[in-house]
Amino acid sequence: MCCSGFLKIMMFIFNGGIFLAGACILGVGVWVKVDSGSLLGLLNDVEDAPSGLSQLVNVSYLLIAVGAVLLVIGFLGCCGAVRESRCMLLTFFSIVLIIFLIEVAGAVVLLVFNGLAEQILNHLEDEVRTSIRNGYGRSDSFTSLWNATMEEFECCGYKNYTDFYDSPFYNNSGNLYPFTCCNETIAVCTTNQAHLSRIDGCFTMLLQLIEDNAVIIAAVALGIAALEVAAMVVSLVLYKNIGHKE
């Protein structure tokens, strides 16, 4: 009885950790979707974009799905321990084992993709610069999307202010740049003012966003993997003890 009670407590601890980790990943996924949607959305308008770009755009949906699954697993493990249901415990073990194997494969993909992220984004420079020089100041939707992104992330262009050179906005405004390319104290953003302001491009912000989230996700994934292994061991022991009772 004492051992069974201890195992139930351990199941609560392990599955509580999995539940919280799922909530954390779900929160990161929602944050990426809401706060960085415009930044990632800009890349959808780029022609001849590499196939790996779709992973950037859809990463928020993946995080939300994984977080939701972990929430369900944590809840299932707690219910199986409380009700002492062998069926629920066996189902819990099977699902966690499958998720664990998927996480291992996903971790390998994440590590490989994190190293390729800068290379993919650098490859897009010419295409993005061409789209800016053709559409910024001509297409209202394209211009509004870039303005909203640059205001939110305090960046200018893809790499820097020179991306807007010879764009419809630049030509129609008398050789001026968007106000986000200069410091807030400057009323008119000329070439000299933009050069002196040295505002980072959105490429830098996007790369930093990917790298920061990759570190967070990797750290959470390591914690989840450890909890899952421990939870699988405890669930099997509890499964065996319940069988002896019966």
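In the working numbering, the protein residues as written are 668 to 913. Note that beta-carbon positions come from the ideal geometry of N, C-alpha and C, so glycine has one too. The structure presented is a predicted model; accordingly, all values stated were derived computationally and were not measured.
- Classified as buried, Leu843 has 16 or more neighbouring CB atoms from the shown chains inside 10 Å of its CB.
- In this structure, Ala898 lies away from Glu770, with their beta-carbon atoms at least 9 angstroms apart.
- Rounded to whole angstroms, Met677 and Gly684 show a C-alpha spacing of 11 angstroms.
- Here Asn880 is buried: its Cβ has 16 or more other Cβ atoms, across all protein chains shown, within 10 Å.
- Residue Leu873 holds the alpha-carbon nearest to the alpha-carbon of Thr816 among Tyr837, Val855, Ala772, Leu873.
- If the five residues before and after Phe767 are omitted, its C-beta is found closer than 6 angstroms to the C-beta atoms of Glu895, all from its own chain and listed in chain order.
- The DSSP-derived three-state label of Asp879 is helix.
- In the structure shown, Ala854 adopts coil according to DSSP, grouped into three states.
- Considered as a whole, the region 825-869 harbours 835-839, 858-864 as its complete alpha helix (DSSP H) runs of no fewer than 4 residues, in chain order.
- DSSP, read as helix, strand or coil, puts Leu729 in helix.
- In terms of Cα proximity to Cys691, the closest of Ala735, Leu674, Tyr728 is Ala735.
- Counting only the Cα atoms, Val795 lies some 39 angstroms from Leu687.
- Leu812: member of the alpha helix (DSSP H) spanning 807-820, first to last residue.
- Under the Cβ criterion (8 angstroms, minimum of three pairs), the region 852-868 counts as touching the region 818-825.
- In the three-state DSSP reduction, Ser752 falls in the coil class, being neither helix nor strand.
- Inclusion of Val749 and Lys826 in the CB contact set at 9 angstroms is not warranted, their separation being larger than that value.
- Distance from Tyr803 to Ser834 at the Cβ level is roughly 5 angstroms; contact confirmed, criterion being Cβ atoms closer than 8 angstroms.
- As the crow flies, the alpha-carbon of Asp793 is around 20 angstroms from that of Asn814.
- If you check the CB distance, Ile680 and Lys700 do not come in under 9 angstroms.
- In this structure, Gly744 sits near Val763, with a CB-CB distance shorter than 9 angstroms.
- About 6 angstroms separates the Cβ atoms of Phe870 and Leu788, confirming a contact at the 8 angstroms cut-off.
- Inter-residue distance for Asn838 and Gln786 is about 32 angstroms (C-alpha atoms, whole angstroms).
- Under the criterion of beta carbons closer than 8 angstroms, Glu751 and Ile909 qualify as touching, at roughly 5 angstroms.
- With respect to the 9 angstroms criterion, Asp830 and Ile799 are classified as neighbours on the basis of their beta carbons.
- Looking at the backbone, the Cα of Leu791 and that of Gly689 are separated by about 33 angstroms.
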